[in-house]
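Trainee: What follows is a structure written as structure tokens; I'll ask about it next.
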Amino acid sequence: MSENELNHDEFGTGVGTLMWITLAPWIWAFHFTICYGLTAILCEKAIPDGDVGTLRLVLVAVTVIALAGIAAAGLSGWRNWTEGGLLDKRGETGLGDLASRNRFLGQVSVFLAVVSFIGVVFVILPILMFGSCR
Amino acid sequence: MLPDHATRSRMSGAGKIGLAALTLTGCGGPQSVLNTAGSDARVLLTMLSVMLVGLVIIWILVNGMMLFFNQLQTGAHEERYARYLIVGGGIFFPTLVITALLVWGLSIMPDQRAPGDGLRVEVTGEQWWWRIAYWPEGAETPVIAANEIRLPVGQRVEFDLKSARVIHSFWIPALGGKMDMFPGRDTRLSLEPTEVGIFRGQCAEFCGASHALMAFHVVTMEPADFDAWLAAQAAPAMAPDGDLARRGAAIFAEQGCGACHAVRGSDASGQVGPDLTHVGSRLSLGAGILAPTLANYMAWIDHTGDIKPEVEMPAYDHLGDDELTALATYLMGLK
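Chains as they are written, first to last, in this note's numbering: chain A, 7 to 140; chain B, 3 to 337.
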């Protein structure tokens, strides 16, 4: 199979495109920074003992967007991973040729997306469960 | 080397407290997370127990599988089966367990930060003792005390935690979790004692030479008893009773003790060291480390730094035994 025959090769082989596999962890990092930063600043400066309802809504919206982005990254990875057949019928991933390399990178980005998804959910949980800045 | 009587009184003090603790409360003791006397500590103990049992089960499962696959079924395994095991046991199961524990842990945290039912206690970590100020609901001035905390049972009390110079950590294992105390930043903790008793707290963050000697007693009381006690603490010190105590009070003034210690109702108004207005009513001396006996009071004043290394209070070792006796008698009379 040559490079041109691959339907899904988002990750390609260049260093620039290789960075795409880190998309999900990047979303996780941004989500983390926004949640913690916004909560810390607002609780300290604006609503120390007050209502966190609006803050919570904003962060839930940010979370939904982050989860959608991570799901998209994971789906894209999944398509690369499963390119050329079902799970059990494919060859080993990560061997020398371009197709298996592409599958390997797809597999890695799926796993990173799963970890990032869990991470984002864990970050939003305290905000959902605590009703105040205390 | 410590002078003989210091060693003796120190050991007898610590020994007595330790022995009393052991015989009175069995293995639990006054400073144990297993011997709970507050709702917060009970929640934490439940969590500890559940996690311990779960851990043992998981440990047996993992080791059982290791034994099974290493010793009993050593051949190659079907790939699909292996994959289910890895994805199921390595990803799904831990994620579920951690998520459940996280949700449970988060659900109990708001309680431990909840506002109190009225009484607020401000505790400042000093090196190496505890400055304590009780703020009953609506009070404009606090009731100042030191090195011992009394609390009413059945009420949630809010603690305002501060530190003078280094990081300390405030921990009463029988009542709840611990909370760090930072210089320049207030932290909060709330505790709800449920049982009457005497417990012990301890600084739980290394804070210098005498970190291990920075403790305090916690006395939980019926609300009515607590109110009466607090009213007594708010009152000025009792006048020295008897010639010896009066002589002690004179020595206290002569030696300049009042530059660092306050005895409300006298000229002594120092704020550097612990407030001694009602020191004689406390269950310990030197921040939870000595039993309040005459010998220990004398030893403490005579060679303070030997008992509590690097303590700021200078040793008054130039005083004779008769002067120490008078001083100790005066202080013990400050009920």
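All residues carry an ideal CB built from backbone N, CA and C; glycine is no exception.
Whole angstroms is fine: what's the gap from B:Pro195's alpha carbon to B:Asp113's?
Mentor: Counted from its first residue, the second sequence places residue 195 of chain B at position 193. Counted from its first residue, the second sequence places residue 113 of chain B at position 111. B:Pro195 and B:Asp113: Cα-Cα distance of roughly 13 Å.
Trainee: Are there 16 or more other CB atoms within 10 angstroms of the CB of B:Pro238, so buried, or fewer, so exposed?
Mentor: One-based indexing of the second sequence puts residue 238 of chain B at position 236. Exposed: under 16 other Cβ atoms inside 10 Å.
Trainee: Compute the Euclidean distance between the alpha carbons of B:Gly56 and A:Leu134, then round it to the nearest angstrom.
Mentor: For this step, residue 56 of chain B is matched to residue 54 along the second sequence. For this step, residue 134 of chain A is matched to residue 128 along the first sequence. Looking at the two C-alpha atoms, the distance is approximately 26 Å.
Trainee: Return the CA-CA distance between B:Ile169 and B:Ser192, expressed in angstroms with no decimal places.
Mentor: Residue mapping note: residue 169 of chain B aligns to position 167 of the second sequence, counting from 1. Residue mapping note: residue 192 of chain B aligns to position 190 of the second sequence, counting from 1. Approximately 19 Å, taken between the alpha carbons.
Trainee: With DSSP as the reference, label B:Cys262 as helix, strand or coil.
Mentor: In the second sequence, residue 262 of chain B corresponds to position 260, counting from 1. Coil at B:Cys262, not helix or strand.
Trainee: Would you be able to state if there are at least three C-beta pairs under 8 Å between the region 229 to 236 of chain B and the region 295 to 303 of chain B?
Mentor: Counting Cβ pairs under 8 Å, fewer than three are found: no touch.
Trainee: Nearest to B:Gly260 by alpha carbon, out of B:Asp277, B:Glu160, B:Arg249 and B:Asp245?
Mentor: For the purposes of this step, residue 260 of chain B is identified with residue 258 of the second sequence, where counting begins at 1. If we check each option's Cα against that of B:Gly260, B:Asp277 comes out closest.
Trainee: Which of helix, strand or coil does DSSP assign to B:Gln273?
Mentor: Position 271 of the second sequence holds residue 273 of chain B. Residue state, collapsed to three classes: coil.
Trainee: Rounded to whole angstroms, what is the Cα-Cα separation between B:Ser41 and B:Tyr299?
Mentor: Walking along the second sequence from the start, residue 41 of chain B turns up at place 39. Walking along the second sequence from the start, residue 299 of chain B turns up at place 297. Their Cα atoms are separated by approximately 36 Å.
Trainee: Compare the Cα-Cα distances from B:Phe94 to each of A:Phe117, A:Arg109 and A:Phe110 and report the closest residue.
Mentor: For the purposes of this step, residue 94 of chain B is identified with residue 92 of the second sequence, where counting begins at 1. Among A:Phe117, A:Arg109 and A:Phe110, the Cα nearest to that of B:Phe94 belongs to A:Phe117.
Trainee: Residues in the region 110 to 122 of chain B with C-beta within 9 Å of chain A's C-beta atoms, listed in sequence order?
Mentor: The region 110 to 122 of chain B vs chain A, Cβ under 9 Å: Met111, Pro112, Arg115, Ala116 and Pro117.
Trainee: Could you tell me the distance, in whole angstroms, from the CA atom of B:Arg187 to the CA atom of B:Asp162?
Mentor: Here residue 187 of chain B corresponds to residue number 185 of the second sequence, with the count starting at 1. Here residue 162 of chain B corresponds to residue number 160 of the second sequence, with the count starting at 1. C-alpha separation (whole angstroms): 10 Å.
Trainee: Along the region 173 to 201 of chain B, what residues have a CB closer than 9 Å to any CB found in chain A?
Mentor: Residues Arg190.
Trainee: Strictly below 9 Å CB to CB, what residues from chain B border A:Gly83?
Mentor: Looking up residue 83 of chain A in the first sequence gives position 77. Under the 9 Å cutoff, chain B gives no residues; its nearest Cβ is about 16 Å from A:Gly83.
Trainee: Would a check of beta-carbon distances place A:Gly137 closer than 8 Å to chain B?
Mentor: Numbered from its first residue, the first sequence carries residue 137 of chain A at position 131. A:Gly137 counts as touching chain B.
Trainee: Starting from B:Glu150, follow the beta strand (DSSP E) in both directions and report where the run begins and ends.
Mentor: Taking the second sequence and counting its residues from 1, the one referred to as residue 150 of chain B is at position 148. Where B:Glu150 is concerned, the enclosing beta strand (DSSP E) stretches over Glu150 to Pro154.
Trainee: Can you tell me whether DSSP reads B:Tyr86 as helix, strand or coil?
Mentor: Within the second sequence, numbered from 1, the residue matching residue 86 of chain B stands at position 84. If DSSP states are grouped into helix, strand and coil, B:Tyr86 belongs with the helices.
Trainee: Compare the beta carbon distance of B:Pro316 and B:Ala211 with 8 Å and say whether it is the shorter of the two.
Mentor: For the purposes of this step, residue 316 of chain B is taken as the residue at position 314 of the second sequence. For the purposes of this step, residue 211 of chain B is taken as the residue at position 209 of the second sequence. No. Outside cutoff.
Trainee: Measure the alpha-carbon distance for B:Phe201 versus B:Phe70 and round it to whole angstroms.
Mentor: For the purposes of this step, residue 201 of chain B is taken as residue 199 along the second sequence, with counting starting at 1. For the purposes of this step, residue 70 of chain B is taken as residue 68 along the second sequence, with counting starting at 1. In a straight line, the C-alpha of B:Phe201 is about 48 Å away from that of B:Phe70.
Trainee: What residues in the region 84 to 106 of chain B bring their beta carbon closer than 9 Å to a beta carbon of chain A?
Mentor: So the list reads Arg85, Ile93, Thr97, Ile100, Thr101, Leu104 and Val105, given in the order they occur along the chain.
Trainee: Beta-carbon of B:Leu108 versus every beta-carbon of chain C: anything under 8 Å?
Mentor: The question asks about chain C, but that chain is absent: this structure's protein chains are A and B.
Trainee: Here's a check: name, in chain order, each residue in its chain whose Cβ is nearer than 6 Å to the Cβ of B:Glu124, leaving out the five neighbours to either side.
Mentor: Numbered from its first residue, the second sequence carries residue 124 of chain B at position 122. The answer, listed in chain order, is Ala135 and Asp162.
Trainee: Any beta-carbon of chain B closer than 8 Å to the one on A:Arg140?
Mentor: In the first sequence, the residue the question calls residue 140 of chain A occupies position 134. By this cut-off, A:Arg140 is an interface position.
Trainee: Would you say A:Ile76 reaches chain B, if we count a Cβ-Cβ gap shorter than 8 Å as a contact?
Mentor: As a working note, residue 76 of chain A is residue 70 in the first sequence. Not an interface residue.
Trainee: Assuming A:Val114 and A:Ala72 form a contact by the criterion Cβ under 8 Å, report the distance between their Cβ atoms to the nearest whole angstrom.
Mentor: Here residue 114 of chain A refers to the residue found at position 108 of the first sequence. Here residue 72 of chain A refers to the residue found at position 66 of the first sequence. Not confirmed; about 20 Å, so no contact.
Trainee: Thinking C-alpha only, which one of B:Ala330, B:Glu314 and B:Gly178 is nearest B:Ala2?
Mentor: Because residue 2 of chain B is not part of the residues shown, which for chain B are 3 to 337, the question remains open.
Trainee: Where B:Ile151 and B:Glu128 are concerned, what is the direct C-alpha to C-alpha distance, given to the nearest angstrom?
Mentor: The residue you call residue 151 of chain B lines up with position 149 of the second sequence. The residue you call residue 128 of chain B lines up with position 126 of the second sequence. Each residue's alpha carbon lies about 15 Å from the other.
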